[in-house]
Structure formats: structure tokens, C-alpha cells
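*Asks:*
There are 2 protein chains.
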Amino acid sequence: MKKKRVSITDIAKALNVTPSTVSRALNNGGKVSEKKKQQILALAKELGYRPNPIARSLVENKTQTIGLIIPEFTHHFYSRVLAGIESVTSKAGYQLLICTSNEKKKQEIKSFQTLLDARVDGILATICKKNDEFDHLQEVLDSGTPLVLMDRICEEIETSYVISDDFVGAFQAVDFLIQTGCTQIIHIKGPKVLSTSFNRFMGYKEALKKHLIAFNEDLVFEGNDPELAEKISACLKSNAVDGIFAYSDYLAFEAFKVLKNEGISIPDQVSIVGYADEPISSYVTPQLSSVNQKPFEMGAIAAGLLLNQIQDPETPLEFKSLKTELVLRASTKTFKEIPV
Amino acid sequence: MKKKRVSITDIAKALNVTPSTVSRALNNGGKVSEKKKQQILALAKELGYRPNPIARSLVENKTQTIGLIIPEFTHHFYSRVLAGIESVTSKAGYQLLICTSNEKKKQEIKSFQTLLDARVDGILATICKKNDEFDHLQEVLDSGTPLVLMDRICEEIETSYVISDDFVGAFQAVDFLIQTGCTQIIHIKGPKVLSTSFNRFMGYKEALKKHLIAFNEDLVFEGNDPELAEKISACLKSNAVDGIFAYSDYLAFEAFKVLKNEGISIPDQVSIVGYADEPISSYVTPQLSSVNQKPFEMGAIAAGLLLNQIQDPETPLEFKSLKTELVLRASTKTFKEIPV
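Chains H and P supply the protein sequences, listed in that same order.
In terms of full-length UniProt numbering, the first sequence opens at residue 1 and continues consecutively.
In terms of full-length UniProt numbering, the second sequence opens at residue 1 and continues consecutively.
(1) Since VAL284 of chain H meets chain P, which of its residues come closer than 9 Å, beta carbon to beta carbon?
(2) Looking at LEU149 of chain H and GLY299 of chain H, is the spacing between their C-beta atoms short of 9 Å?
(3) Check whether the Cβ of ILE244 of chain P lies closer than 9 Å to any Cβ atom in chain H.
(4) Taking buried to mean at least 16 other C-beta atoms within 10 Å of its own C-beta, is residue 343 of chain P buried or exposed?
(5) Are the CB atoms of LYS129 of chain P and VAL220 of chain P within a distance shorter than 9 Å?
(6) List, from N- to C-terminal side, the beta strand (DSSP E) runs of 3 residues or more that fit wholly inside the stretch 116 to 170 of chain P.
(7) Between LEU137 of chain P and the rest of its own chain, which residues show a CB-CB distance below 6 Å, the 5 nearest in sequence each way excluded?
(8) Find the residues of chain P that neighbour ASN292 of chain H, judging by a C-beta separation of less than 9 Å, and give them in chain order.
(9) Hey, would you say ILE188 of chain P sits closer than 9 Å to GLY223 of chain P, going by beta carbons?
(10) In this structure, how does DSSP classify VAL326 of chain P when only helix, strand and coil are distinguished?
(11) Out of curiosity, what's the CA-to-CA distance linking GLY48 of chain H and TYR94 of chain P?
(12) List, in chain order, every chain H residue whose beta-carbon is nearer than 8 Å to that of CYS99 of chain P.
(13) Which residues does DSSP list as the beta-bridge partners of LYS320 of chain H?
(14) Work out the CA separation of LYS62 of chain P and SER281 of chain P for me, nearest whole Å.
(15) Which residues in chain P sit within 9 Å of PRO279 of chain H, going by Cβ to Cβ distance?
(16) Would you call the stretch 241 to 257 of chain P and the stretch 169 to 185 of chain P in contact, with 3 or more CB pairs under 8 Å?
(17) In this structure, does DSSP put ASN199 of chain P in helix, strand or coil?
(18) By Cβ distance below 7 Å, which residues in the same chain neighbour GLU304 of chain H in space, the five residues on each side in sequence not counted?
(19) Spatial neighbours of LEU115 of chain P within its chain, please: CB distance less than 8 Å, with the 5 preceding and 5 following residues excluded, ordered by chain position.
(20) Within 10 angstroms of its Cβ, does ARG56 of chain H collect 16 or more other Cβ (buried), or is it exposed?
(21) Give, in chain order, every unbroken run of the beta strand (DSSP E) that is at least 3 residues long and sits entirely within the stretch 255 to 302 of chain H.
(22) What residues from chain H crowd round ASN102 of chain P, counting only those whose CB sits closer than 9 Å?
(23) Starting from the beta carbon of ALA234 of chain P, find every residue of chain H whose beta carbon is closer than 8 Å, and list them in chain order.
(24) How would you write the range of the alpha helix (DSSP H) that ALA25 of chain H sits in, first residue to last?
(25) Taking buried to mean at least 16 other C-beta atoms within 10 Å of its own C-beta, is PRO71 of chain P buried or exposed?
(26) Closer than 7 Å by beta-carbon distance: list the chain H residues that pair up with THR65 of chain P, in chain order.
(27) So which residues of chain H does GLN107 of chain P contact, with C-beta pairs closer than 8 Å?
(28) With a threshold of 9 Å between beta-carbons, can TYR78 of chain H be considered close to chain P, or not?
(29) Restricting to Cα atoms, I'd like to know which of H:GLY203, H:SER79, H:ASP132 is closest to residue 421 of chain H.
(30) So the candidates are P:ASN261, P:SER111, P:ILE153, P:GLY144; which of them puts its Cα closest to the Cα of GLN311 of chain P?
(31) Please report whether the beta-carbon of LYS110 of chain H lies at a distance below 9 Å from any beta-carbon of chain P.
(32) According to the neighbour-count rule (16 or more other Cβ atoms, all chains shown, within 10 Å of its Cβ), is LYS333 of chain P buried or exposed?
(33) So, helix, strand or coil for residue 346 of chain H, using DSSP?
(34) Cβ closer than 9 Å: which chain H residues qualify as neighbours of ALA25 of chain P?
(35) Where DSSP assigns a beta bridge to residue 349 of chain H, which residues make up the other side?
(36) From ASP117 of chain H to ILE109 of chain H, what distance separates their C-alpha atoms?
Here you go:
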């Protein structure tokens with residue numbers, strides 16, 4: 001049923017010549033008699049021998065492939081990043097080899113290894129949540145393989161980055177909540193080690209500060225707290241909460257559920273803004289206001305930077321921070337202009 | 001900034017020996033003086049030479065990697081298939097290399113090529129919509145690389161398959177619509193060349209037949225028709241439509257929009273069932289009834305079949321058809337039991 005992959009060695013054995021003779025014959029490497037060469041080519045064809053471009057790439061040192069490491073594809077954000085990357089790489093004639101880390105460090109390390117083993121010409125990656133040490137990233141840089149990191153920053157690694165400006169994105173969202181009348185605003189935080197969590201939290205605090213609203217620790221929750229729903233529920237009872245800014249749309253939906261259970265109307269009593277603008281945001285009722293991070297652009301720009309570095313290793317490193325867009329829907333009140 | 005990847009040739013040049021001498025020294029291949037060997041090992045270490053597991057795999061003929069070709073990741077279906085695959089492969093110590101076809105035949109062909117070039121031990125794939133010829137799949141089989149196809153059938157290719165039983169899935173959905181009072185049921189079809197489209201259409205017809213409802217061509221629409229909304233809208237005016245069965249949840253949402261525009265109530269006036277049970281189904285109002293195809297199970301079973309074939313090439317081919325589940329939500333009426 002299953003045929004073994006035909007190797008140069010198989011052909012060599014069958015014709016009683018050395019593998020290097022077969023290799024030279026197949027690659028027009030000379031030093032093989034014409035008669036022998038024709039025998040070898042005929043048998044290779046008959047056996048369905050497939051030349052091995054990886055072996056060839058060891059000489060040429062180019063595979064026209066780019067590696068991509070992404071935490072997962074459940075979030076639409078990453079499939080949009082992928083679409084952006086593909087829009088650039090496919091035009092340039094590069095093939096993508098994708099690995100997922102599933103937000104696990106061990107799998108991330110293995111993925112980098114696999115891509116280096118596959119001799120990709122460069123790597124695009126979003127590091128996983130569990131990252132606290134970065135030897136494997138340093139190893140990529142040491143190998144001379146161009147690396148562009150997306151979305152999440154890793155201070156220790158000096159390479160090109162494309163991120164979205166989470167600080168300003170969060171600031172604008174909370175600033176808008178305040179300008180539409182909210183003053184007691186809950187923040188549901190993201191995973192602790194991520195730069196994105198830190199920056200969105202800082203943007204939240206900065207907006208409060210701008211409007212001279214005292215920061216209240218009682219209104220801040222960890223998104224991965226298994227008792228998140230109960231804690232928000234309790235908070236709604238003991239505080240005059242009128243706004244919620246969540247690290248992600250999915251965390252915003254958790255808050256949605258609590259508000260619905262408590263019979264609290266959105267946005268009349270409490271406004272909500274999520275983050276990432278997942279397609280689901282337009283399907284829920286009321287539709288969710290959210291911060292769009294331009295994931296397609298992120299992927300396209302990162303791929304462009306990587307291709308530049310592959311083509312010219314002397315290309316200077318870049319750090320690109322993309323502007324986000326606050327997408328307003330029905331989960332927030334309409335903006336009331338301040339009378340002149 | 002960027003270091004060139006150190007090759008065996010670089011080391012050879014620096015020490016004025018042949019590359020094959022370096023290779024033998026690095027691989028303990030003998031025929032190298034101990035002194036020369038120590039020189040080579042020392043320089044290799046100094047330059048940060050990385051042994052090349054792919055080159056080694058050419059000898060061992062194993063890379064412990066599995067290739068996966070998926071149309072795209074926008075649909076949650078495929079990220080669930082991926083999760084199922086990973087649940088099996090990661091336990092077995094295999095790394096996945098993923099390529100996307102974006103439903104384009106050219107990109108699919110290139111993806112197979114890239115994975116064969118990366119010397120994966122086997123390939124899992126869902127063929128793209130645009131497939132009408134299959135030489136590239138036959139080439140995979142001819143190369144002796146185990147191949148398991150998922151979700152979509154390709155009659156010409158004799159290999160292992162894991163699909164979901166679309167005929168029965170569609171039959172059950174339409175049977176349920178009829179048992180809850182619908183008789184004039186629209187069907188919105190999927191892409192023409194796909195086996196899944198054909199089977200769901202056949203299931204729809206079979207359910208009508210069971211209940212002696214005449215098949216009416218006027219109630220069947222092509223999902224990719226740019227005038228789909230207008231045509232459904234017109235159909236609703238000239239027919240007493242009371243049910244809709246769509247090839248996918250996304251097509252069901254198109255129908256949702258038309259019904260809302262026309263002020264038609266779901267499910268009081270028209271019931272709707274989608275297909276694939278995308279997470280969005282639970283977020284829309286009313287929540288969408290849908291057919292769950294068990295994508296996680298599909299991935300896990302396909303990965304299991306592939307691993308068996310990799311471990312034992314004599315493993316017989318299998319054809320697995322998974323039972324679907326009709327998930328009832330608020331877009332359909334509740335089942336009225338027939339009085340005994």
C-alpha cells in the first residue's frame with residue numbers, strides 16, 4: 001500500500017554505484033560517464049525519485065519559506081494577522097510554514113526549533129503568554145535568522161517589532177467612557193506577564209488621571225480569576241459602577257452576562273468597551289464597542305520588515321507602533337458634545 | 001547586526017580542508033585525524049555552528065513533524081480541527097507544520113510541495129474549494145508519504161478519510177424543521193465543487209421526500225450568489241416560506257438579515273437552521289440552531305490514523321464518517337411530540 005520514499009542510496013544500490021555518483025548524475029555534476037548517467041536518470045524516473053530541494057537549499061542557503069509562530073487561531077485577531085502576512089509573502093513568492101504555541105512555552109521553543117530545522121529564511125512570531133525567559137529567541141538571532149516579533153514586546157530581545165499602541169488604545173476607550181458620563185469604571189485586566197495587559201492598564205489609569213478621577217483598586221479585576229463573575233457581581237452592588245473597560249472582547253462578554261443576570265441595562269446604566277474588535281462584537285445584543293488593533297496591517301507590515309531583512313541583512317531594526325481605532329457600537333452611550 | 005548562518009563550507013574554508021572532512025569530523029564519521037578533528041570541533045563551537053537535523057533526517061528519513069494543510073482559520077471549525085489534531089500529535093511527540101491554501105488551488109499545490117520539501121513524516125489536509133484536479137495529491141501518495149484527508153472527499157484519491165456525515169446531518173436538520181411545522185423550506189447551498197455541499201443538499205431533499213413534500217427548485221439558492229439577499233427577499237414575498245436550512249452558519253446569518261429587514265419574526269414565522277455550530281451562533285439573537293460536525297473529534301481521529309500509517313505503512317486505509325449533532329437553540333420552534 002505504502003511505498004517507501006526513494007532515496008539516492010536506493011538508486012545507487014540498484015545500479016551498484018556510489019550514492020555520490022547518483023547525486024552527480026542527477027545534478028549534472030560531471031564526473032559521470034554519459035552511459036551511467038542515462039542509466040541513473042532512467043531508473044530515478046522509473047522509481048519516482050523526487051529531488052530534494054531541502055538538500056539543495058543546504059548549498060544555496062535559501063528555501064523561500066518564512067516561519068510563523070502564533071499562539072492559537074481561536075481568536076479572530078490571529079487569523080487577521082495571518083491574512084495580512086499572506087497578503088505580502090504570497091506576492092513576494094514566499095511560502096509560510098506556521099506553528100502554534102498554544103500559549104505554552106515548551107511548545108513555543110519546539111516551534112522555533114522546528115522552523116530553524118526547516119531552514120526558513122526568516123521568522124515572524126507572537127510570543128506566548130507564559131514567556132519569562134527568552135534564550136530560544138536569542139538563539140534565533142544568534143543563528144543569523146531574521147526575526148520580527150508582533151503584538152507582544154519582549155524587552156530582552158533586540159529585534160524588529162510591530163505592535164499596536166495599546167496604551168493609547170486603552171486611553172481613548174476610557175477617555176470616551178468618561179466623556180459620555182461614566183466615572184466609576186471597572187477594568188478587567190489581561191494575563192499578568194504580557195506587555196499588552198500592562199499597557200492597557202496604564203492607558204486606563206492615564207485616562208482617569210486626565211479627568212481627575214481617583215484610581216480605585218476595588219474596580220480592577222484579573223481576567224483569569226475563576227471567580228471573576230462573582231466578584232464583578234459583588235462590586236456592582238457595593239459601587240455605583242457606570243462603565244466597564246475590558247482587556248478583551250471575550251472578557252467584556254463575561255461582564256455582559258453578569259449585567260444581564262443582574263438586570264442592569266447596557267448602556268443606560270453601565271457602558272462597556274471591549275478590546276480587539278472580534279467579529280462576535282457585531283453579533284451580540286447590544287453590539288459591543290471595541291478597540292480595533294488593525295491586525296491585518298500588523299501582519300502585512302511585519303512581513304514587509306522581515307522580507308527587507310532577508311533581502312538585506314544590514315537593514316536597520318525597526319519598532320513600529322500602530323494606531324488603534326475605537327469602534328463605537330451600541331454598548332456605549334453616544335458622545336455628548338460639551339457645549340461651547 | 002545580522003550574522004550569516006555558519007555552514008560546513010565556512011568551517012572547511014577557514015581550515016583549508018574539504019567540506020566532507022568537516023562533515024565527517026562533526027558526525028564522528030572516521031577518516032579524519034584526531035588533531036584535525038579537534039581543530040574542526042573547536043572552530044565549529046567558536047563560530048556557533050548549528051548541526052542541521054534536516055540533513056541528518058535525509059539519512060534517518062524521519063523528522064518527527066507532521067504537515068497540515070487547512071483552507072483558512074477564519075472559520076472556527078478549522079481552529080477546532082487543529083486543536084483536535086494537536087491533542088494527539090503533541091502527546092506523540094510530533095511537531096505540526098501548518099500551511100494554508102486560502103481556498104486557492106495554486107497555493108494548495110505549493111503547500112504540499114513545501115511540506116514534502118520539509119520532509120514531514122505525513123500530511124493531514126482539507127482540500128480547497130477550487131479543486132478539480134488532483135495530480136498533486138497523487139504525487140504525495142506516490143512519494144510514499146502517508147496522507148489523511150479531512151472533511152471534504154476527493155473521489156479520485158484513494159487514501160484515508162475522516163469526514164462528518166453531512167447527508168445525515170442535513171437530513172436531521174430538515175426533518176426537525178418539518179416535524180416542528182415547516183413545509184416550505186428554503187435551502188441555501190454551499191460551493192459547487194465540494195462534496196459537503198452536495199451531501200447537505202441531498203440530505204435536505206431526502207427529508208422532504210420522507211415527509212412527502214414536493215421538492216421545489218424555486219426554494220434553492222446558491223450561497224455565493226452576489227444577489228442572494230435580494231433573491232431570498234423576493235422568494236419570501238412569492239412563497240409561503242416557513243423554514244430555512246443553510247449550508248453554513250454564515251449563510252444562515254445572511255438570511256437572518258433579510259428576515260429582520262422584512263420584519264419577519266424568527267422562529268414564529270420562519271425557523272432557521274445553520275451548519276457548523278460556529279461560536280457566533282450562541283451570540284446572535286435569537287440564538288441559531290445549527291449542526292455540529294464535531295471538528296475536534298475529526299482532527300483527533302485523523303491524526304490518530306496518520307500516526308498509525310507513519311508507524312506502520314501496512315496499516316489499511318480507513319474511511320471514517322462522524323455523526324453530527326443537531327444543536328437546538330432559539331431560531332427553531334420547540335419540538336411538538338406527535339400524540340400517540
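Where a beta carbon is used, it is the ideal one built from N, C-alpha and C, also for glycine.
The structure displayed is predicted, hence computed values, not measured ones.
*Replies:* Let me spell this out:
(1) Going along chain P in sequence order, the residues near VAL284 of chain H (Cβ under 9 Å) are TYR283, VAL284, THR285.
(2) no
(3) no
(4) Nothing can be reported for residue 343 of chain P, as the shown portion of chain P is limited to 1 through 340.
(5) no
(6) 122 to 125, 147 to 150, 160 to 164
(7) Sequence-distant partners of LEU137 of chain P (beyond 5 residues in either direction) whose C-beta falls short of 6 Å from its own C-beta, in its chain, are ILE157.
(8) Going along chain P, no residue has its Cβ under 9 Å from ASN292 of chain H, so there is no contact; the nearest lies around 16 Å.
(9) Yes. Within cutoff.
(10) The sequence given here has Leu at residue 326 of chain P, not Val. Reduced to three states, the DSSP call for LEU326 of chain P is strand.
(11) One C-alpha to the other measures close to 27 Å.
(12) Result: GLN95, LEU96, LEU97, ILE98.
(13) H:VAL162
(14) Cα to Cα, the separation comes out at about 42 Å.
(15) THR74, ILE280
(16) yes
(17) helix
(18) Looking at the sequence itself, residue 304 of chain H is Gly, so the reference to Glu does not match. The residues are VAL88.
(19) So the list reads GLY67, ILE69, LEU97, CYS99, ILE123, once near-sequence residues are dropped.
(20) Residue confidence for ARG56 of chain H is low, a pLDDT of 49 falling below 50, so the modelled location carries little weight; the figure read from the coordinates is stated next. Counting Cβ neighbours within 10 Å, ARG56 of chain H comes out exposed, since fewer than 16 surround it.
(21) 271 to 275, 289 to 292
(22) For ASN102 of chain P, the chain H residues whose Cβ falls inside 9 Å of its Cβ are ALA83, GLU86, SER90, in order along the chain.
(23) Going along chain H, no residue has its Cβ under 8 Å from ALA234 of chain P, so there is no contact; the nearest lies around 26 Å.
(24) 19 to 26
(25) buried
(26) Neighbours of THR65 of chain P across chain H, judged by C-beta separation under 7 Å: THR114.
(27) SER90
(28) Closer than 9 Å: yes.
(29) Because chain H in this structure spans residues 1 to 340, residue 421 of chain H falls outside the shown range and cannot be described.
(30) Selected option, being the one with the closest Cα: P:GLY144.
(31) yes
(32) buried
(33) Outside the displayed span of chain H (1 to 340) sits residue 346 of chain H, for which this structure offers no information.
(34) Result: empty, since nearest Cβ-Cβ is about 17 Å, beyond 9 Å.
(35) Within the shown structure, residues of chain H are numbered from 1 to 340, placing residue 349 of chain H beyond reach of any answer.
(36) ASP117 of chain H and ILE109 of chain H have their C-alpha atoms spaced approximately 12 Å apart.
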